[in-house]
Amino acid sequence: MKQKLIFTNLVGQALDDLVADLGAPQVVIVADTNTAQFVLPILVNDSKAAAGARIITMKSGDANKNLDELTSLWRQLAAMEATRSTLVVNLGGGVVSDLGGFAAATYKRGMKCVNIPTTVLAAVDASVGGKTGINFNGLKNQLGTFSEPEAAIISTIFFNTLPQQQVLSGYAEMLKHGLLEDEATLGKLLAYSPVYPIFDSASLLPLIEASVGVKARIVEADLTETGLRKALNLGHTIGHALESFSYTRKSPIAHGYAVAWGLVTELVLSHLQLGFPSEELHRFAEYVLHNYGAYEITCDDYPALIAAMRQDKKNTVADQINFTLLEAVGKPKIDCTASPEQIGAALDIYRDLMHLA
Ligand code: GLY
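Numbering of the sequence shown is given in the working numbering, commencing with residue 1 and proceeding in unit increments.
Right, here's the structure in full:
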């Protein structure tokens, strides 16, 4: 993987060192309305490069990861007379790095960029691995590129003030990485509580480093997702369906929560299809129930959920729903399928495990 991963809580110093190494004559920081207000002042205080940078502020939120905001970014880069050697620094969550990364990948056929994630989710997922893009035509991430940034500077200094829900949302992707890696990595994650007041951001840094390591090794082997990278979709076929379904109920759930419940249900499918051990499934389900609670569904909701799974862009064969499942912790199997009956049976067991049935 070309991308350098820097784990430090001295973010300003790390940015200054990078700018010097890359010899960037101009730095442009892309922030959103939240990070511009709350995070940028900290960085400006700690970094000469940030203090001298031009700033582009985009609207926050996934609804703004669109063509209008992208056009606005391109226009502002042009107005600043940015060149290919200008360094773009994405300061924010996944929306900022997806959009800023896409603008950087396409403006003048590509500029260098660095991600400084400010959420747990962005630290362990979006800031690493080079996926950039925007939502289009009502569908998520329909336009984009695989363009690795020069580096990600990953710290926990911005996490202390994150709402509980955002911490747990990011932690679900870490649980996914633990399931894909091995018993030891998963065991450490299940022994940790990312819940206030026990949660303190400093103690999370080694777990984040291990988690990013899992993703980095997978991306290294398969940047453009022709094979192994599909393993990172674990929990996401059902997770995305729950997320979309929650929008139709007009009561949206956070992405990571949907992933946590999706992981439980896909471990059930893994148990039914591939013999994933039942005791591991129960241990994982208990952790999710304890920390994330349960997402209430009834069997009347199954047709809508299965219809949402059919829309998943990971499906490549018409009428087949694609899953990544696990034979055991650390043993993913990509390109699995399941019938509506098997998915219904897995959802029944999810409801049992979550004490909903
Ligand atoms: N978020 C999954 C991936 O980067 O492939």
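We put the beta carbon where it would ideally sit given N, CA and C, even for glycine.
- Residue burial annotation: residue 299 is exposed, with fewer than 16 other C-beta atoms found within 10 angstroms of its C-beta.
- Within a 10 Å sphere around the beta-carbon of residue 67 sit fewer than 16 other beta-carbons, which makes this residue exposed.
- Under the DSSP assignment, residue 286 falls in the alpha helix (DSSP H) whose first and last residues are 278-292.
- Three or more beta-carbon pairs separated by less than 8 Å link the region 51-59 to the region 19-35, which places the two stretches in contact.
- DSSP places residue 349 in the helix class (H, G or I) of the three-state scheme.
- Only residues of its own chain outside the window of five on either side were considered, and among them 353 have a CB closer than 8 Å to the CB of residue 282, listed in chain order.
- Taking 7 Å as the cut-off, the C-beta of residue 266 does not count as close to any heavy atom of the ligand GLY.
- Judged by beta-carbon spacing, residue 167 lies within the 8 Å limit of residue 159, meaning their Cβ atoms are closer than that value.
- By the Cβ criterion, the region 69-89 is in contact with the region 103-123, since at least three pairs of Cβ atoms, one from each stretch, lie closer than 8 Å.
- At the C-beta level, residue 176 and residue 94 stay beyond 8 Å of one another.
- Boundaries for residue 252: no alpha helix (DSSP H) harbours it, and the DSSP string shows neither H nor E there.
- Distances between the C-beta of residue 48 and the heavy atoms of the ligand GLY are all 7 Å or more.
- The beta carbons of residue 133 and residue 141 sit closer together than 8 Å.
- Of all alpha-carbon atoms in 292, 126, 296, the one lying nearest the alpha-carbon of residue 212 is that of 126.
- The C-beta distance from residue 216 to residue 1 rounds to 6 Å, short enough to fall under 8 Å.
- The nearest non-hydrogen atom of the ligand GLY is less than 7 Å from the C-beta of residue 229.
- Assigned with DSSP and collapsed to three states, residue 117 falls in strand.
- At a threshold of 7 Å, residue 125 counts as near the ligand GLY, since its beta carbon sits closer than that to one of the ligand's heavy atoms.
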